[in-house]
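Same order as they appear, the protein sequences are chains A and B. Per full-length UniProt numbering, the very first residue in the first sequence carries number 1; after that it's consecutive. Per full-length UniProt numbering, the very first residue in the second sequence carries number 1; after that it's consecutive. Every residue, glycine too, gets a C-beta built ideally from N, C-alpha and C. To start, the structure under review is shown below, and the notes come after it.
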Amino acid sequence: MSSIPHGNVPAYLNPDSIRRGLSRRKTLDQVFVLVGLILMLACLGILAVLFLDLVIDGSQRFGWDFFTNFPSRRAERAGILGAWVGTSLIMLVTAFCAVPVGVAAAIYLEEYAPKNWFTAIIEINVTNLAGVPSIVYGLLALGLFVYQFGLGQSIAAAGLTLALLILPIVIVATRESIRAVPKSIREAAYGLGATRWEVTKDHVLPYSTGGILTGMILGLSRAIGETAPIITIGALSFIAFLPSSPFTSEFPFISFQWLNDPFTAMPIQMFNWVSRPDQAFQANAAAAGAILLAMTLLMNAVAIWIRYRFRKKINW
Amino acid sequence: MAATKSEELISRSGLRYRKVRDRIIETLLLASALVAVFTTLAIVAILLIESAAFFEHVSLKEFLTDTMWTPLFADAHYGILPLVAGTLTTTMVALCVAVPVGTAIAIYLSEFASHRLRETVKPILELLGAVPTVVYGYFALMAVTPLLQKIFPELPGFNMLSAGLVIGLMIVPYVASVSEDAMRAVPRYMREGSYAMGATRLQTALRVVVPGAFSGLAAAFILGISRAVGETMVVAIAAGMQPNFTFDPTEQAATITAYIVQVSLGDLPHGSIGYQSIFAAGLVLMLITLFFNVIGFSLTRRFREAY
C-alpha cells in the first residue's frame with residue numbers, strides 16, 4: 001500500500017464511501033443468510049412434499065387388503081403381501097450376514113491391524129466399496145451368487161447381495177464408535193492382564209454398542225430401499241405365493257427352505273407398478289412408496305435417537 | 001468361587017487357553033476384514049470375465065466408436081457412446097442442482113448457523129439421501145415431469161431433465177456434508193485474521209474459507225459426480241429406456257445403468273450376448289466411477305492433512 005498523502009485523501013478513504021461499502025457488505029451478508037435458510041428449508045420442504053404426495057396419491061389404497069393381497073391384474077385388488085414378506089426375509093438374511101462380518105472387520109481394523117501396507121489395502125478396499133454403484137453389486141451377484149454358486153434367483157442371493165452392499169456402512173460406523181472409546185480404558189484392562197480379545201469383548205464393545213446399532217440400522221435402511229441390485233438378480237414382480245414358512249410342524253420345527261424360494265420385494269413391487277402405463281397402478285405405486293419411505297424414515301429416526309441417547313449417556 | 005475363577009485365569013494352562021483363543025479370534029476377525037478385499041476382487045473378476053466373452057463377439061473399436069446401441073435387435077449394434085452420453089447428460093443436470101445448492105448449504109451450516117441449528121438440521125438433511133431411489137423415481141415421473149411440462153409444453157413424458165434434477169436433489173446432502181467437513185477443517189485463526197481486517201462473514205467465507213477448503217470442495221463435487229453416474233432407478237423410471245445419442249436433456253435417453261435394468265427385467269439366457277453386454281456396460285460404469293472416486297478420495301485425504 002502506498003502511503004496516504006496529507007490533505008489529498010483518496011476516494012476510497014472517504015468516510016461516506018466507507019460507510020456505504022460497509023452497509024453494502026453487511027446487506028450482502030444478510031442476503032446470504034436468507035439464501036442459505038431458504039435453500040435448506042426448500043430441501044426439507046421437498047422431503048415433506050414428497051411424502052405428502054405419496055400419501056395423497058396412494059390414499060385410496062391404504063387398508064388391510066393392501067397388506068394381505070397378492071399382486072393382481074386389477075389395480076384396486078392388488079396388494080403387497082408377497083412384497084413385504086419378501087423384504088422382511090431378505091432383511092433377515094442381510095442383517096444376519098452383514099452385521100457380524102462388518103463388526104468383526106471393524107474390530108480387526110481398529111484393535112488388531114498392524115500399520116502396514118496390508119492393512120492399508122483393506123482400508124482402501126472398504127472406502128472404494130462404499131463408492132461402487134449399487135447396480136454393480138447386482139452384476140456381481142448375478143454372476144457369482146446366481147450362476148457360480150447356483151443360488152438361483154432366491155432370497156438367499158438377494159440377502160447376500162444387500163449384505164455386501166451395506167458392509168462398508170456397518171464397518172465405517174463401527175470403526176467410528178470403537179475409535180471414540182478412550183485409550184485409558186483399554187490400558188487399564190491390559191494392566192490387569194486381560195488379553196486383547198478380553199479387552200475388546202468386555203470393555204470396547206459394550207461402550208460402542210450405540211454406534212454399532214446406529215450403523216446397523218442405517219445399513220438396513222439403505223438395504224430396504226435398494227432396487228437396482230435385486231432387479232439385476234432377477235427378482236420377480238408378479239408372485240402370487242409366499243416363500244415356504246420358516247416354522248414346520250415336525251422336528252426340527254425350523255426350515256430353511258425359504259432361503260431358496262423366489263421372491264419379490266417392496267421396491268421391486270413399486271417399480272413394477274410405476275412402470276405400468278395404466279394410471280390406476282400409479283396409486284398402488286404411491287401407496288407402496290409411502291410405506292417404504294415411512295419405514296426408511298422411521299429406521300433413520302431410530303438411528304439418530306440411539307446415537308443421541310448414547311452420546312448423552314456416556315461421559316468419559 | 002471368585003478365588004477359583006481367578007486361579008483358573010492365571011494358571012499356566014488357563015493362560016495358554018486364553019492366548020490360543022485370542023489367536024483364533026484374531027484370525028476370524030482378519031477373515032471378516034478380508035471379505036471386503038474379496039468382494040472387490042470378485043467384482044473385478046466377474047466384470048472382466050463376462051466382458052472378455054463379450055469382446056470376443058464385438059471389437060473394441062466398434063464398442064467405443066459406433067453411435068448405436070441395439071444389442072437386442074436383429075440388426076445389432078454395440079456402440080457404448082449413446083449410453084455414455086445419456087449418463088453424462090443426466091449427471092451434468094444433477095451437478096447443476098447439487099453443486100450450487102450443496103455448497104451454499106455447506107457454507108451456511110459451517111460459517112453462519114449456530115451449533116444447535118447445525119446439529120438439528122444435518123441429520124434431517126441426511127434423510128434426503130436416505131429416501132429409496134425408486135421413490136425418487138416416482139417423484140421425478142409423477143411430480144417433476146408434469147411440473148416441467150407446464151413450463152416446457154414440448155417436453156416428452158420421459159426426459160433426462162427431470163431425472164437429472166431429482167438426482168441432483170438426492171446428492172445435495174452428500175455434497176453438502178463433504179463440503180462442510182472440508183470447510184470446518186480450515187483453522188479458526190484464518191477466519192479470525194479475516195474478521196480482524198474488517199471482513200464480513202460472507203467475505204470471510206468466500207475469500208478465505210472456500211479457497212482454503214478448495215481441495216475438499218472439489219472432492220465433494222467429484223464424489224457427487226460418481227454418485228450421479230451410478231444412480232439407477234431414477235433414470236430407469238423417468239428418463240426412458242431407449243438408447244439415444246444426444247446431449248439434449250429435454251430428450252429421453254437410456255443411461256448405462258438404465259440399460260442394465262432393462263435387460264435384467266427381461267428373461268435373457270445365461271451366456272447370451274445380451275447377458276454379456278450388461279457386464280460390458282457395467283465394466284464401463286465401474287471404470288467411470290472408479291476414476292472419479294480415486295480422484296475424490298485422494299483430494300479428501302489432502303484436505304484432512306493440509307492443516
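Residue 105 of chain B is positioned such that its CB atom lies no closer than 9 Å to that of residue 97 of chain A. Proximity of chain A to residue 47 of chain B at the Cβ level (cut-off 7 Å) is accounted for by 139, in chain order. Cβ neighbours of residue 94 of chain B within its own chain (closer than 6 Å, five residues either side excluded): 164, 167, 168, 228. At least one beta carbon of chain B lies nearer than 9 Å to the beta carbon of residue 54 of chain A. Residue pairing from DSSP places residue 69 of chain B in a beta bridge opposite B/78. Remark: C-beta atoms of residue 142 of chain A and residue 164 of chain A do not approach each other more closely than 9 Å. For residue 14 of chain A, no alpha helix (DSSP H) run applies, since DSSP gives it neither H nor E. The shortest CA-to-CA distance from residue 281 of chain A to any of A/47, A/74, A/19, A/63 is the one to A/74. Collapsing the DSSP output to three states places residue 132 of chain A in coil. Interface flag for residue 108 of chain B against chain A is set, since a Cβ pair is found closer than 9 Å. Using a CB distance cut-off of 9 Å, residue 209 of chain B does not count as an interface residue toward chain A. Straight-line measurement puts the Cα of residue 79 of chain A at about 45 Å from the Cα of residue 66 of chain B. Residue range 209-225 is occupied by the alpha helix (DSSP H) that includes residue 215 of chain A. Annotation: residue 262 of chain A to residue 148 of chain A spans about 17 Å, alpha carbon to alpha carbon.
Approximately 7 Å separates the beta-carbon atoms of residue 254 of chain B and residue 262 of chain B; this is inside 8 Å, confirming the contact. Counting only residues of its own chain and dropping the five nearest sequence neighbours on each side, residue 134 of chain A has a CB closer than 8 Å to the CB of 165, 226, 228, 229.
The alpha-carbon separation between residue 75 of chain B and residue 43 of chain B amounts to approximately 31 Å. What residue 26 of chain A touches in chain B, judged by beta-carbon distance under 8 Å, is 200, going in chain order.
Below the 8 Å Cβ cutoff, chain B contributes 22, 26 as neighbours of residue 196 of chain A, in chain order. Sequence-ordered contacts of the stretch 142-176 of chain A with chain B read 142, 143, 144, 146, 147, 148, 164, 167, 168, 171 [C-beta pairs closer than 9 Å]. The beta carbon of residue 270 of chain B sits closer than 9 Å to some beta carbon of chain A. What residue 19 of chain B touches in chain A, judged by beta-carbon distance under 7 Å, is 195, going in chain order. Residue 156 of chain B has a beta carbon lying at 9 Å or more from every beta carbon in chain A.
In this structure, residue 296 of chain B lies near residue 220 of chain B, with their beta-carbon atoms less than 9 Å apart. The C-beta of residue 278 of chain B comes closer than 9 Å to at least one C-beta of chain A.
For residue 255 of chain B, the secondary structure class from DSSP, reduced to helix, strand or coil, is coil.
For residue 91 of chain B, same chain residues with a beta-carbon under 7 Å away, outside a window of 5 residues either side, are 225, 228, 229 in chain order. Taking the Cα positions, residue 51 of chain B is about 17 Å away from residue 70 of chain B. Annotation: residue 164 of chain B has no Cβ neighbours in chain A at a cutoff of 8 Å; minimum Cβ distance is about 15 Å.
275, 282, 285, 286, 289: these are the residues of the stretch 275-291 of chain A whose beta carbon lies less than 8 Å from some beta carbon of chain B, given in chain order. Look at residue 126 of chain A: its C-beta is under 9 Å from a C-beta on chain B. Contact between residue 238 of chain B and residue 257 of chain B is absent: CB atoms are separated by about 13 Å, not below the 8 Å threshold.
The C-alpha of residue 177 of chain A lies about 45 Å from the C-alpha of residue 274 of chain B. Shown here, residue 244 of chain B sits in coil according to DSSP, grouped into three states, outside any helix or strand. With respect to chain B, the C-beta atom of residue 76 of chain A has no partner C-beta closer than 9 Å. Nearest in C-alpha terms to residue 181 of chain A, of all of A/155, A/297, A/310, A/140, is A/310.
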